[in-house]
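Undergrad: Counting from 1, position 74 in the sequence shown corresponds to residue 73 in numbering that gives the first Met the number 0; the numbering is continuous, with no gaps. All C-beta atoms in this analysis are idealised placements derived from N, C-alpha and C, irrespective of residue type, glycine included.
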Amino acid sequence: MANNSNDVLSSTIPILYGDHSFRERILERTQGERDPIALVLSGGSARAFAHIGVLKYLEEEGIVPDLIISNSMGSMVGILYA
């Protein structure tokens with residue numbers, strides 16, 4: 000289990016986006032002012048409806064995730080949200 004955001008962003012798999020690694024891109028977004036926020040969406044059609052409520056609440060609170068991790072139906076919700 001990850002102890003902090005650096006553990007979450009550390010990976011032995013090189014994930015590249017353009018000339019930057021994934022970790023560098025996410026850390027640039029936060030500009031060192033806060034830890035990155037990840038939104039994790041699981042699969043299942045019933046859960047997809049719950050995801051919509053969670054996303055609405057996050058928007059109302061002004062919380063914007065820096066990255067979205069998802070699978071199955073959660074991926075569909077994540078794509079629409081992104």
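Shortest alpha-carbon distance to Ile51 belongs to which of Ile25, Met75, Ser20?
TA: Among Ile25, Met75, Ser20, the Cα nearest to that of Ile51 is on Met75.
Undergrad: Could you check what DSSP says for Ile36 in three-state terms: helix, strand or coil?
TA: Coil.
Undergrad: Can you confirm whether the region 19-29 touches the region 45-59 when touching is taken to mean that 3 or more C-beta pairs between the two stretches lie within less than 8 Å?
TA: The region 45-59 vs the region 19-29: no contact.
Undergrad: Would Met0 be called buried (16 or more neighbouring beta carbons within 10 Å of its own) or exposed?
TA: Because the pLDDT of Met0 is 47, which lies under 50, any placement of that residue in the model is unreliable, and the question is left without a value.
Undergrad: Let me know if Gly73 comes out buried or exposed under the rule of 16 or more other beta-carbons within 10 Å of its beta-carbon.
TA: Buried, by the Cβ-count rule.
Undergrad: Can you give me the start and stop residues for the alpha helix (DSSP H) that Ile25 sits inside?
TA: 21-29 is the span of the alpha helix (DSSP H), which, as asked, contains Ile25.
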